[in-house]
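A.B. asks: Here you go, one structure.
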Amino acid sequence: MQEMKPQKAELLKKLEVGLILDEELKCLIRAQLERRVLWINSHNCEQRYAHLHNHVQSLRPTSVEMETNEVNPDAYDDVPIEFSKLIHGRAMKMSWCYFEAESTTLDDAEVAMLDLYCERAQIKDGDQVLDIGCGYGSLVIYIARKYPNCHVTGITDTTSQKEYIVEQCRNQNLNNVEVILADVTEYNMDKAFDRVMVIEVFEPLNEDDWIEEIIFPDMILTIPSADFLLYFQTDVSVVNHWVLNGKHVARSSEVWLKRLDANADTAKAVVEAFTGCEKEAMKWINYTRASFLHGIEQGGYNNGEEWLIVHILFKK
Ligand SMILES: C[S@@+](CC[C@H](N)C(=O)[O-])C[C@H]1O[C@@H](n2cnc3c(N)ncnc32)[C@H](O)[C@@H]1O
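Numbering (my numbering), first residue to last: 6 to 321.
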């Protein structure tokens, strides 16, 4: 990693110990988001598409594998499940939820998004379904319950997530689920599936890089544009393509942040027991809070019309 400018290092230090007020942090995030929008608007349509084309070409030879090689394989093992339970809803969905109305609860928003995935993926009872990067199994378990004749396979690279799903299936008498513990970029699967789901698995940067990029202007994190994956159709072709307003990102982040804050003491105790160090625990919690503040600002930017959630249905 490049050496950090002293001003950046100072800000990060303040962030880690919680010395940046939420409003101040939100302003920094907004300024960064504005810079990105300005960059887009300062180029004409021909330049923007040439840039997109060059970017797609630069990723082609190594593609997704290159991205995922940069993932810290232990990243999620680092998260104690008790900490995740304080933040997420009943389904333990680690990705954006769908808030149909102001009054929608987190539990309902988790289910609404899971339902939308199934509808858009046109899952039928009896299908063989694979969920790559299945987290705590929100989608795996949802499908296994809703479609009892489906067989659902989840892949995760995280032991605690696999254990959680196995335990949930045992408690709920679900016999149509299999969980594979593997790095999907290296795992050879010989079985065929009717549906393959991938929900928010592309997260190429580690925590330090990530927070640096969020707050500071010289950004390198690739957040794909809504049409980015449409350029990767060598093995599959697009059947349908939907977008959802970024407000669902903002709302999910806001609710997760509120839950974390409401459980601040327990969260700190859980993380401290895990890391064995109060300073590390606070750093962890402050990074997590910053990521939620980022979600609030980014998802809510320009009334949710700028950074969107994208769903794409491909067929082979
Ligand atoms: C943001 S979480 C999303 C989890 C889940 N899809 C959901 O919506 O709740 C990303 C998931 O991808 C998994 N993951 C990331 N890289 C992976 C890899 N190379 N192989 C297998 N799983 C991976 C992580 O362990 C985590 O479960």
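Where a beta carbon is used, it is the ideal one built from N, C-alpha and C, also for glycine.
1. Ignoring anything shorter than 4 residues, give me the alpha helix (DSSP H) runs that lie fully in the stretch 123–174, in order along the chain.
2. Heavy atom of ligand 1 less than 6 Å from the Cβ of valine 189, yes or no?
3. Can you tell me which residues form a DSSP beta bridge with histidine 316?
4. Just the C-alpha distance for isoleucine 25 and lysine 19, rounded to the nearest angstrom, thanks.
5. Would you mind reading off the limits of the beta strand (DSSP E) that contains valine 201?
6. Taking the alpha carbon of asparagine 245 as the reference point, which residue from Lys167, Met194, Val315, Ile160 has its own alpha carbon closest?
7. In chain order, what residues of the same chain have a beta carbon less than 8 Å from the beta carbon of tryptophan 248, not counting five sequence neighbours either side?
8. Could you give the distance in angstroms between the alpha-carbon of valine 260 and the alpha-carbon of glutamine 303?
9. Leaving out five residues on either side along the sequence, give the residues of the same chain with a beta carbon under 8 Å from the beta carbon of aspartate 270.
10. Only counting the same chain, and skipping five residues up and downstream in sequence, which positions put a Cβ closer than 6 Å to that of methionine 194?
11. List the residues that DSSP assigns as beta-bridge partners of glutamate 107.
12. Which same chain residues end up closer than 6 Å to aspartate 136 when comparing Cβ atoms and leaving out the 5 residues on each side of it in sequence?
13. Starting from leucine 186, trace the beta strand (DSSP E) both ways and give me its first and last residue.
14. Give a single yes or no on whether threonine 163 has its beta carbon closer than 6 Å to a heavy atom of ligand 1.
C.D. replies: A quick look at the data gives this:
1. Restricting attention to alpha helix (DSSP H) runs no shorter than 4 residues, the stretch 123–174 encloses them at 143–151, ordered along the chain.
2. Within the cutoff, so yes.
3. Trp247
4. 6 Å
5. Segment 200–203, the beta strand (DSSP E) holding valine 201.
6. Val315
7. Going by the sequence as given, residue 248 is valine instead of tryptophan. If we look at valine 248 and ignore the five residues flanking it on each side, its Cβ neighbours are Ala231, Leu313, Ile314, Val315, His316.
8. Distance between the alpha carbons of valine 260 and glutamine 303: 15 Å.
9. none
10. none
11. BP columns for glutamate 107 are empty, so no partner.
12. Closer than 6 Å at Cβ, skipping near neighbours: Leu144, Val145, Gly159, Met202.
13. From DSSP, the beta strand (DSSP E) with leucine 186 extends over 182–186.
14. yes
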